[in-house]
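>
Number of protein chains: 2
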Amino acid sequence: MPICYNGINDSYTMGDTMIEIYLLEQFVAFAKYGTLLRAAEELHISQPALSRSMKKIEEQLGVQIFHRQNSKVSLNETGRLAADYAARVLQADREMIEMVTVFDRSQRTISIGSCAPFPLQEIIPVLQDNMIGMAITSEIIDEDERLVTGLKNRIYQLVILNEKAEHDDIFCQRYIDEKLYVTLPQSHPLAERASVSFDDLKDTRILVSAGVGFWMNVCRKNMPEDNLLIQKNHDAMGELIEASSLPFFNSDCMMERGYMPPDRIAVPIIDSEAKATYYIACLSEDKRKYSSVFNAVRGNIIRENF
Amino acid sequence: MPICYNGINDSYTMGDTMIEIYLLEQFVAFAKYGTLLRAAEELHISQPALSRSMKKIEEQLGVQIFHRQNSKVSLNETGRLAADYAARVLQADREMIEMVTVFDRSQRTISIGSCAPFPLQEIIPVLQDNMIGMAITSEIIDEDERLVTGLKNRIYQLVILNEKAEHDDIFCQRYIDEKLYVTLPQSHPLAERASVSFDDLKDTRILVSAGVGFWMNVCRKNMPEDNLLIQKNHDAMGELIEASSLPFFNSDCMMERGYMPPDRIAVPIIDSEAKATYYIACLSEDKRKYSSVFNAVRGNIIRENF
DNA sequence: GTCGATTACGTATTACGTAACAATT
DNA sequence: AATTGTTACGTAATACGTAATCGAC
């Protein structure tokens, strides 16, 4: 218990007033630029205004933070400390705005992750119809595991998987099947076949779009790497298909929806790996929220089954 | 890289304006008290003023944070998040003021730690004369080690030690000697003696003031615990000395400065432990700052040596 | 004279209170 | 009727800009 003699009577009118953000902004700017003139220019205010503000903040702190002499103002040691802390306050203010904005946006956004591109084509319009006013973000990820993790971490609200997810906290519904075809020029030796296997295609160079999700894994596993002509650019892919006679992959789903360039023959691939069954999943607790989506999709399945 | 469809165009005029502290204070108060009326009362402002402020903060955030229905306002989920972050901003603001105030005060305060009370009596007036405008805080600590640590940690700017401190970063100067006396009533068997030892006093009950620093350790070591009548209260000690004829400890320094109740006889104690040599020390780097103090104290020593 | 800061004064903004009103309970 | 929030309007506080002034290099 220290005993205190001769305490300076600096404890007069100490205001319990907080110091406003605009003052701290100006103060931090002064600390950064060194002179009132420079700082005032940067702040787009007049020099006298800044001068007054600095007086005010000093008065509100109740402590000397400036060293004034020779018509120069500078921070003293206490002032430098104050500037550090002031910067933290501004940071906290910015962080608040940032966090609130991001959170609000996340509240108005449905993120959907899919293992393949086709289901997205189908489901995004469904979401737009059923979740009115929501922004929709989609992403293609080639591993179910990452999708499931993303779902649990609430990075995704909906995911399209390759395998049925069997977790207590995840609601998972079968969605649709997709069968892989290879699209050949009429002149191609295999074009007459009723079906082919990956083995039949082992000497054929085939165009593959980069954004096909898990299908890329299937291709890499079943085809020689050198025969895969991977196109990152979607437009370039389209042009290549039009301009060349190179084979490319297609699927029953895509063809049903009218995607079939002229003068090509689509031949189904019989390998079991050339068939995918998609599942759509969300967190169990969100099941109600997306029920209309699941219902719309179930209707879709029934149609498929006919 | 998520692709974003159908982004709601909520990105209009978004101001880069920070949100002022007074708004955050009002907002946090509303979050705390639940209704505008309650919060307005607590804030000592009118309800309409608060209502407008809440509108303003919502507009500045550019995001809905309130749920309004049935002439009730409440926070929505985003609002609760915002309130949490707003509280942090206020905390940062308060912390800034607190830190700056404390630092400033520490700049204007000399803390002195001493192993015994007498040197403080001497040195505090010296400090008041030489360090004009500074507040002086003093503390009695009975272990040199803690004093030295406190000096290095800048808890103390000056310390009075029992032993010379031999550290590179500490400047240490011999200060003054103090010899312990026992003050006895004239009727006491030992009162006639030219000197006594602690051993002579082993059957004597003696008053000891609690705030004597290291002297207490000396007493405890050399006297039976039961014979020490320890007084925590300084006034009570004075009264006991006046009213009773109990022996108590005194010293040459104290007596030279006129501290000697009537009708007592002071007998010196000859044990080596009954003599103390004080040293005054500061950090080497502060030597210049306190040079006037050290000089004043050296004059003191010279006087003593004559 | 230039640069940097302050003082003085007028103005525009704005945060506030009062009063009236609207909507539920 | 009582409680709670909003709208309308006038006022007081205040943050700002312009112009003038001071001081040092």
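Chains as they are written, first to last, in the working numbering: chain A, 1 to 306; chain B, 1001 to 1306.
Each residue gets a CB set at the ideal place from its N, CA and C atoms; glycine is no exception.
These numbers were taken from a predicted model, which means no experiment stands behind them.
Please list the terminal residues of the continuous alpha helix (DSSP H) segment that includes N130/A.
Element bounds for N130/A: P117 to N130.
> List the residues of chain A that G1062/B touches, going by C-beta distances under 8 Å, in chain order.
Near G1062/B (Cβ distances below 8 Å), the residues of chain A are T101.
> Taking all protein chains shown into account, decide if P119/A is buried (16 or more other Cβ within 10 angstroms of its Cβ) or exposed.
P119/A is buried by the Cβ-count criterion.
> CA-CA distance, T1137/B and Q107/A?
One C-alpha to the other measures close to 56 Å.
> DSSP beta-bridge partners for D1084/B?
None; D1084/B has no bridge partner.
> Determine the direct distance from the alpha carbon of Q1069/B to that of F214/A, and round the result to whole angstroms.
Taking the straight line joining both Cα atoms gives about 48 Å.
> Who are the neighbours of E95/A on chain B, taking C-beta pairs under 9 Å?
Residues of chain B passing the Cβ test: Y1085, R1088 and V1089.
> Taking its Cβ as the centre, do 16 or more other Cβ atoms sit within 10 Å of T183/A, making it buried, or is it exposed?
So T183/A ends up on the buried side.
> Using the three-state DSSP reduction, which class does G1238/B fall into: helix, strand or coil?
The answer is helix: DSSP assigns G1238/B an H, G or I state.
> Do S1245/B and P1185/B count as a contact pair if the criterion is CB distance below 9 Å?
Contact flag set, yes.
> Which same chain residues end up closer than 7 Å to A165/A when comparing Cβ atoms and leaving out the 5 residues on each side of it in sequence?
Hits under 7 Å: V148, C172, Y279 and A281.
> Out of Y1290/B, A1243/B, R1298/B and P1189/B, which has the shortest C-alpha to C-alpha gap to I1110/B?
Minimum Cα distance to I1110/B is reached at Y1290/B.
> Run through chain A and tell me which residues come within less than 7 Å of L1081/B, C-beta to C-beta.
Simply M99, V100 and F103.
> Would R236/A count as contacting chain B if we go by Cβ distances under 9 Å?
It is worth fixing the name first, because residue 236/A is Ala in this sequence and not Arg. No, because no Cβ of chain B sits closer than 9 Å to the Cβ of A236/A.
> Check whether the stretch 69–78 of chain A and the stretch 1057–1064 of chain B are in contact - that is, three or more C-beta pairs closer than 8 Å.
Touching, no, given that fewer than three Cβ pairs across the two stretches are closer than 8 Å.
> Classify E1077/B as buried or exposed, calling it buried when 16 or more other Cβ atoms lie within 10 Å of its own Cβ.
Exposed, since its Cβ has fewer than 16 Cβ neighbours within 10 Å.
> Check whether the stretch 23–43 of chain A and the stretch 73–93 of chain A are in contact - that is, three or more C-beta pairs closer than 8 Å.
Segments in contact, yes.
> D144/A and E122/A - do their beta-carbons sit closer together than 9 Å?
Not a contact, by the Cβ cut-off of 9 Å.
> So which residues on chain A does A1361/B lean against when the C-beta distance must stay under 9 Å?
Absent from the model: residue 1361/B. The displayed extent of chain B is 1001 to 1306, so no value can be given.
> Per DSSP, what kind of secondary structure is V293/A in: helix, strand or coil?
V293/A falls in the helix class under three-state DSSP.
> At the level of alpha carbons, what is the spacing between Y12/A and R1146/B?
Unreliable placement is indicated for Y12/A, whose pLDDT of 38 sits below 50; no coordinate value is reported for it.
> Can you check which of these residues, L1043/B, S1197/B, C1115/B and R1038/B, is closest to Y1175/B by C-alpha distance?
If we check each option's Cα against that of Y1175/B, C1115/B comes out closest.
> By the DSSP assignment, the beta strand (DSSP E) with K1275/B in it spans what residues?
First-last of the beta strand (DSSP E) with K1275/B: K1275 to L1283.
> At which residues does the beta strand (DSSP E) containing S135/A begin and terminate?
As written in the sequence, residue 135/A is Ala, which differs from the Ser given in the question. Segment A135 to I140, the beta strand (DSSP E) holding A135/A.
> When the distance is taken between beta carbons, is V159/A closer than 9 Å to I124/A?
No, these two residues do not count as a Cβ contact at 9 Å.
> Considering only C-alpha positions, which residue in the set E1098/B, E1178/B and M1216/B is nearest to I1141/B?
Nearest C-alpha to I1141/B: M1216/B.
> Using a C-beta cutoff of 9 Å, does T1013/B count as contacting chain A?
Note on T1013/B: pLDDT 41, under 50, position unreliable in the model; the coordinate value appears next. For T1013/B, the answer is no, since every Cβ of chain A falls outside 9 Å of its Cβ.
> So, at 6 Å on beta carbons, what are the nonlocal neighbours of K287/A in its own chain, with the 5 sequence-adjacent residues on each side left out?
So the list reads F171, once near-sequence residues are dropped.
> Just checking, does the stretch 93–101 of chain A make contact with the stretch 264–277 of chain A on the three C-beta pairs under 8 Å criterion?
No, the stretch 93–101 of chain A is not in contact with the stretch 264–277 of chain A.
> State the CB to CB distance for the pair V1212/B and P1117/B, rounded to an integer number of angstroms; the pair is presumed to be in contact (CB under 8 Å).
Right, the Cβ-Cβ distance comes to about 6 Å (below 8 Å), so this counts as a contact.
> Which residues in chain B sit within 8 Å of Q107/A, going by Cβ to Cβ distance?
Neighbours of Q107/A on chain B, chain order: E1077 and T1078.
> Alpha carbons only, please: which of P247/A, F103/A and V267/A is nearest the one belonging to T380/A?
No answer is possible for residue 380/A: the residues shown for chain A start at 1 and end at 306.
> Going by beta-carbon coordinates alone, are L180/A and F249/A separated by less than 9 Å?
Their beta carbons are under 9 Å apart, which means L180/A touches F249/A by this criterion.
> Since I believe L1228/B is in contact with I1206/B (beta carbons under 8 Å), could you give me their beta-carbon distance rounded to a whole number of angstroms?
Yes, I1206/B and L1228/B are in contact; Cβ-Cβ is about 6 Å, under 8 Å.
> Specify the secondary structure class of Y156/A as computed by DSSP and reduced to three states.
Coil, per DSSP.
> Is it the case that the Cβ atoms of V1267/B and N1130/B are separated by a distance below 9 Å?
Against a cut-off of 9 Å, the Cβ pair of N1130/B and V1267/B comes out as no contact.
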